[in-house]
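At position 18 of the sequence shown the residue is numbered 4 (the working numbering), and the sequence of numbers has no breaks. We put the beta carbon where it would ideally sit given N, CA and C, even for glycine. All values reported here derive from a predicted model rather than from experimental measurement. Here the structure comes first, spelled out in structure tokens, and everything after it is commentary.
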Amino acid sequence: MERNITLSIIDDSWKEHLRAMDDLKQSVQTAYLEQKDPLVIYKMEAYNLFRRMSSDLNREIVSFLSHSQLPIQEEQAPVREARPQKTDMSKLQANKEEIDAIGDDYAANEKDYYDPSSPAGNVEGGNVAVRQEPIKVGPKIGRNDPCPCGSGKKFKNCHGKDA
């Protein structure tokens, strides 16, 4: 219950903070007329807004939770978490032959799925996308060079307008 209340308070406070940041953005846009750096002013004011929001948020949460009459829930029996059982290493035994046999089986199965001779290391079925290189047709045309279409205009005003 307290968690839900706390989250709703945080959510409301954050929404108000975002609205204040939008207002700050609008008001800082005129700072260049005062011959001040708008970015510096924005950073300082945004930091002050965040600190104010954070302190107000903490104060509001503590105030609400301390003054509210929330019903006290009975403590439920603590749930025992399943602990991983420790394995007694002295009881484990393995031969070198068994380990080698398991490794050979794994290597044989791996060859079914992975072909190291393929250029992209194709995985079963060859569904790996091959990286394509960009197509380069000719030499790069400068923005102020004449357009290759022969119109006599500069490239930036003809076919380079969309590029």
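Residue i (DSSP reduced to helix, strand or coil)
i, result
"Lys126", "coil"
"Glu110", "Because Glu110 carries a pLDDT of 48, less than 50, the predicted location of this residue cannot be relied on, and the following value inherits that uncertainty. Note: Glu110 maps to coil in three-state DSSP."
"Lys22", "coil"
"Thr16", "coil"
"Lys1", "helix"
"Ser54", "coil"
"Met30", "helix"
"Asp8", "helix"
"Met(-13)", "coil"
Counterpart residues of residue i in DSSP-defined beta bridges
i, result
"Lys140", "Pro132"
Option in the options with minimal Cα separation from residue i
i, options, result
"Tyr28", "Ala17, Gln21, Arg38 and Arg37", "Ala17"
"Arg38", "Met(-13), His3, Phe50 and His145", "His3"
"His53", "Pro125, Phe141 and Glu(-12)", "Glu(-12)"
"Asp12", "Lys1, Trp0, Gln21 and Leu25", "This sequence places Gln at residue 12; Asp is not what is there. Checking every option, the nearest Cα to that of Gln12 belongs to Leu25."
"Leu51", "His145, Asn143, Arg129 and Ile(-9)", "Ile(-9)"
"Asp9", "Glu31, Glu20 and Leu19", "Glu31"
Notebook entry, point to check: Are the region 41 to 57 and the region -6 to 1 touching, with three or more C-beta to C-beta distances below 8 Å?
Noted result: yes
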